[in-house]
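Worksheet for the structure shown next.
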Amino acid sequence: MNRLHILSTMLLCLTIPCHTWANTTRILRIELSYSGSAVSYNLYKDGVRVCSNMNTDESQIDCPVEIDPTPMTFIITAVDQNGTESPQSAPYILVPPELPTASFTSTIISKTEPALVSFDASDSVDFDGMIIRYDWDFGDGSTGAGKFIDHPYPTPGTYTTRLTVIDDDSHSAEMTSLLTIAPAPVAISQSLTTRENCTLRGILTAENSPEETTLTFTLETTPQHGIIKEFDTRTGGFAYTPHPDFNGADHFTFTASNETMNSSQATVSVTVTPANNAPTTVTDFGKVNTRRSIVIPVATNDSDLDGDLLTVVSVTPPSSGKAQIINNSICYTAPNTAGLVIFWYQISDDKGKISLGTVEVAVSN
18 MNRLHILSTM LLCLTIPCHT WANTTRILRI ELSYSGSAVS YNLYKDGVRV CSNMNTDESQ
78 IDCPVEIDPT PMTFIITAVD QNGTESPQSA PYILVPPELP TASFTSTIIS KTEPALVSFD
138 ASDSVDFDGM IIRYDWDFGD GSTGAGKFID HPYPTPGTYT TRLTVIDDDS HSAEMTSLLT
198 IAPAPVAISQ SLTTRENCTL RGILTAENSP EETTLTFTLE TTPQHGIIKE FDTRTGGFAY
258 TPHPDFNGAD HFTFTASNET MNSSQATVSV TVTPANNAPT TVTDFGKVNT RRSIVIPVAT
318 NDSDLDGDLL TVVSVTPPSS GKAQIINNSI CYTAPNTAGL VIFWYQISDD KGKISLGTVE
378 VAVSN
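Adding 17 to a residue's 1-based position in the sequence shown gives its number in the numbering used here.
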């Protein structure tokens, strides 16, 4: 009986490159010679027949095979016209190459338009060699190369960024990631008014798109004539208190930021309207002989913070002697006995704010 024998076998990967072997179908080329007469061949992968009924007229035959990510053992047999299968060929072990892994991170390093994004591919690895190329597709029509690279995005939107790494065996791997550049918020300037020595409470505002993106507020400059308290970076709430007795114009600036972008500065202008301060009085002193009169210009040493005109409007009767208002002064007539006489007067500004002043007169014989 003419028994079949497989004399030589060689299995080759035909599809180049091989970086997508695992879990895909590839063509294995079988080059063989045999003794006897064969009508078909059987190809086994890890003991399981994966291909049969091949054309025996050719000494080089292609067979599609599902490739595993782990080493695989192939053998081949021939079948004669009686259905007798030959002994197995010598095994051929196919080891898929160790592929590189692509990995990168992205960080927005400039949050003002155009947004500048830094890409870092240092987490990419190749365990059986080294990565020699890092190719980038930034998703906006621009490309670049390098393990580390910065790229500007002048237009808000969502971009698909792709990194392709290639190792020293020409194997490659890819990673893609979505990058969203949100439109910068618009901080809104406002004008507010408060009264002198009064605290003003307000809320900073900004337009944001998309609206669901969280805003954060930041004070860029502080007021020159007041202080900001109770500032809430999430809501923009604040309390402005002018410095004591200040009135006039003041301002401070702020920005708003969402998850990716910062706004331009906006200004909060504050007008502090003057309050009507009461006049400030200074004690007046005088000396006079008994039964004599003295005119005391009590208004001359009194003052008003607002610069208002002051008027003496009343005087309390002294314990001895007499006092009366004459031409915005007080005329005091002493009694016939000596001693210290104290009395009070009221002085008013032209807005009706009144203060109480003191007069002390020494009466001598």
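For every residue, glycine included, the Cβ atom is placed at its ideal position computed from N, Cα and C.
In this text, all values refer to a predicted model and were calculated from it rather than measured experimentally.
Beta-carbon spacing of residue i, residue j below 8 Å
| i | j | result |
| --- | --- | --- |
| Asn279 | Leu232 | no |
| Gly374 | Val315 | yes |
| Arg308 | Asn345 | no |
| Tyr170 | Leu217 | no |
| Asp319 | Thr298 | yes |
| Leu133 | Asp167 | yes |
| Val376 | Phe360 | yes |
| Val67 | Thr42 | no |
| Ala204 | Ala273 | yes |
| Ser69 | Gln98 | no |
| Asp367 | Leu326 | yes |
| Thr238 | Ile245 | no |
| Ile220 | Thr250 | no |
| Ile125 | Thr230 | no |
| Asn382 | Ala351 | no |
| Thr328 | Ser372 | no |
Collapsed DSSP secondary structure at residue i in the structure displayed
| i | result |
| --- | --- |
| Val315 | helix |
| Val112 | coil |
| Met27 | Caution applies to Met27, whose pLDDT of 37 falls short of 50 and renders its modelled position unreliable; the model cannot decide the point. |
| Asp79 | strand |
| Lys368 | coil |
| Val378 | strand |
| His36 | Bear in mind that the predicted position of His36 carries a pLDDT of just 39, short of 50, making it unreliable; the figure below should be weighed with that in mind. In this structure, His36 counts as coil in the three-state DSSP scheme. |
| His242 | coil |
| Val56 | coil |
| Arg66 | strand |
| Phe234 | strand |
| Met278 | coil |
| Gly356 | strand |
| Arg20 | With a pLDDT of 43 at Arg20, under the threshold of 50, the modelled position of that residue is not reliable, and the figure given next carries that caveat. In the structure shown, Arg20 sits in coil (DSSP, three-state: anything other than H, G, I, E or B). |
| Thr290 | strand |
| Lys128 | coil |
| Gly265 | strand |
| Met147 | coil |
| Glu48 | strand |
| Leu322 | coil |
| Ser346 | strand |
| Ile84 | strand |
| Asp154 | strand |
| Ser189 | strand |
| Ala223 | strand |
| Thr160 | strand |
| Thr90 | strand |
Supposed contact pair residue j and residue i - C-beta distance, whole angstroms, cut 8 Å
| i | j | result |
| --- | --- | --- |
| Val289 | Phe263 | 6 Å |
| Thr235 | Phe269 | At roughly 11 Å, the Cβ-Cβ gap does not stay under 8 Å, so Thr235 and Phe269 are not in contact. |
| Asn214 | Pro261 | 6 Å |
| Tyr349 | Gly303 | 7 Å |
Sheet register partners of residue i (DSSP bridge)
| i | result |
| --- | --- |
| Arg218 | Ala256 |
| Gln207 | Val285 |
| Thr300 | In DSSP, Thr300 forms no bridge with anything. |
| Asp137 | Thr122 and Phe165 |
| Gly174 | Ile198 |
| Thr328 | Ser365 |
| Glu247 | DSSP output for Glu247 lists no bridge partner at all. |
| Asp184 | Ile148 |
| Glu102 | Val96 |
| Arg212 | Thr290 |
| Phe271 | Leu236 and Ala283 |
| Asn306 | Ser381 |
| Ala340 | Tyr349 |
Short CB-CB distance (under 8 Å) between residue i and chain B
| i | result |
| --- | --- |
| Ser310 | The structure shown has no chain B; it contains just one protein chain. |
Practice item. Examine the Cβ distances between the segment 105 to 124 and the segment 80 to 95 and report whether three or more of them are shorter than 8 Å. Key: With a cut-off of 8 Å, the segment 80 to 95 and the segment 105 to 124 count as touching, because enough Cβ pairs lie within range.
Exercise for review: Determine contact between the segment 131 to 146 and the segment 183 to 194, defined as no fewer than three beta-carbon pairs at a distance below 8 Å.
Suggested key: Result yes; three or more Cβ-Cβ pairs closer than 8 Å.
Review point. Given 8 Å as the limit, is there contact between the segment 148 to 157 and the segment 173 to 192, that is, 3 or more CB pairs closer than that?
Key: Under the Cβ criterion (8 Å, minimum of three pairs), the segment 148 to 157 counts as touching the segment 173 to 192.
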